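Visitor: So for the sequence shown, the working numbering puts the first residue at 6; every next one is plus one. No residue lacks a Cβ here, since even glycine has one placed at the ideal position from N, Cα and C. As the structure is a computational prediction, the values presented were derived from the model and not from experiment. Here it is, the structure, as structure tokens.
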Amino acid sequence: MTPEPGDLVTVAGSGAPLDGIVFETPSAAKAVVAVVDAKKGPVFRSVHPDTLSAREGEGPHDRALRLLIKRTPPAAHGATRGPKGSERGRAGFTRGTAHRSTGR
Numbered sequence: 006m007t008p009e010p011g012d013l014v015t016v017a018g019s020g021a022p023l024d025g026i027v028f029e030t031p032s033a034a035k036a037v038v039a040v041v042d043a044k045k046g047p048v049f050r051s052v053h054p055d056t057l058s059a060r061e062g063e064g065p066h067d068r069a070l071r072l073l074i075k076r077t078p079p080a081a082h083g084a085t086r087g088p089k090g091s092e093r094g095r096a097g098f099t100r101g102t103a104h105r106s107t108g109r
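Here's what the structure looks like:
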């Protein structure tokens, strides 16, 4: 199964299976899923896509999971990796520093 954002899934892990909704899939080896934690309530969990299986019907916690997804901004992939392509650093510093004379 290749999970897509918004898919209804069941997460199999070391404990009991949890109903969840896929939030994003940043890589082929990682999926971020919204699930309901018994102690914390709706939370995001990073899981391997092989632990996910599709589910057909709506669950009792799906409304809370959708609200969590709705209020969470999408991840900005690569935002902290520095300038790319034609982008430069900070505005106003478009040139390198000038040569400093030796005082002659």
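Under 6 Å Cβ to Cβ from Val-41, same chain only, skipping five residues before and after it: list those, please.
Guide: Numbered from 1 along the sequence shown, position 36 holds the residue referred to as residue 41. Correct list, in chain order: Pro-47, His-66.
Visitor: Return the chain-ordered list of same chain residues with a C-beta closer than 6 Å to the C-beta of Asp-12, the five sequence neighbours on each side being excluded.
Guide: Numbered from 1 along the sequence shown, position 7 holds the residue referred to as residue 12. Result list for Asp-12: Val-27, in chain order.
Visitor: With His-53 and Ala-81 assumed to form a contact (beta carbons below 8 Å), what rounded beta-carbon distance in angstroms separates them?
Guide: Translated into the one-based positions of the sequence shown, residue 53 becomes position 48. Translated into the one-based positions of the sequence shown, residue 81 becomes position 76. Wrong, their Cβ atoms sit about 23 Å apart, outside the cutoff.
Visitor: What's the gap between the Cα of Phe-49 and the Cα of Thr-99?
Guide: Against the sequence shown, residue 49 aligns to sequence position 44. Against the sequence shown, residue 99 aligns to sequence position 94. Roughly 41 Å separates the two Cα atoms.
Visitor: Between Ala-36, Glu-61, Pro-10, which has its C-alpha nearest Asp-55's C-alpha?
Guide: For the purposes of this step, residue 55 is identified with residue 50 of the sequence shown, where counting begins at 1. Measuring from the Cα of Asp-55, the nearest candidate turns out to be Ala-36.
Visitor: I think Pro-8 touches Leu-57, with their Cβ atoms under 8 Å apart; what is that distance to the nearest whole Å?
Guide: For the purposes of this step, residue 8 is taken as the residue at position 3 of the sequence shown. For the purposes of this step, residue 57 is taken as the residue at position 52 of the sequence shown. At roughly 5 Å, the Cβ-Cβ gap stays under 8 Å, so Pro-8 and Leu-57 are in contact.
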